[in-house]
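In this text, residue positions in the sequence shown follow our numbering: the first is 8, and each later residue adds one. What follows is a set of notes on a single structure, which appears directly below.
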Amino acid sequence: MTLGQHITTLRKKKKISQGELGKLVETSGDIIGRYERDEVKPSIEVVIRMADVLEVSLDYLVGKTDMKLDSTTLRRIQEVAKLPEEYKKQVFLVNDALIREFKARKTYAL
Numbered sequence: 008m009t010l011g012q013h014i015t016t017l018r019k020k021k022k023i024s025q026g027e028l029g030k031l032v033e034t035s036g037d038i039i040g041r042y043e044r045d046e047v048k049p050s051i052e053v054v055i056r057m058a059d060v061l062e063v064s065l066d067y068l069v070g071k072t073d074m075k076l077d078s079t080t081l082r083r084i085q086e087v088a089k090l091p092e093e094y095k096k097q098v099f100l101v102n103d104a105l106i107r108e109f110k111a112r113k114t115y116a117l
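Below, the structure is given as structure tokens:
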């Protein structure tokens, strides 16, 4: 997906107009429309504000990843990254166990 397509999809999902998004990122609705049609590219500052307003990572918004991380998940990952190594290992052990259990249940449910 292009940047414009991501903006359009996310904006519609949040049920806000181009004008509303424009106000929230300190530009106009007409400019948002041009971004969505991929006629022009926004500045990095505007893209950062859009990612914040649309509650996605900058990587997702610009198409660098297809993994949509909402702001809450991203904050939690950042908090884990700040932990001392011994605590990170504990978090990862628990996380890995939960993922294995989920995959096993999913497999056996088929």
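Using N, Cα and C, we set each Cβ at its ideal position, and we do this for glycine too. Remember, predicted model here, so these are calculated numbers, not experimental data.
Residue i burial status per 10 Å Cβ neighbour count (16 or more: buried)
i	result
residue 58	buried
residue 15	buried
Assumed close pair residue i, residue j - CB separation to whole angstroms, cut-off 8 Å
i	j	result
residue 56	residue 33	7 Å
residue 60	residue 28	7 Å
residue 45	residue 9	5 Å
residue 95	residue 101	Not confirmed; about 11 Å, so no contact.
Per DSSP, the bridge partner or partners of residue i
i	result
residue 60	Residue 60 pairs with nothing; no bridge assigned.
residue 73	None; residue 73 has no bridge partner.
Test item: CB-CB of residue i and residue j under 8 Å
i	j	result
residue 63	residue 73	no
residue 68	residue 13	yes
residue 70	residue 43	no
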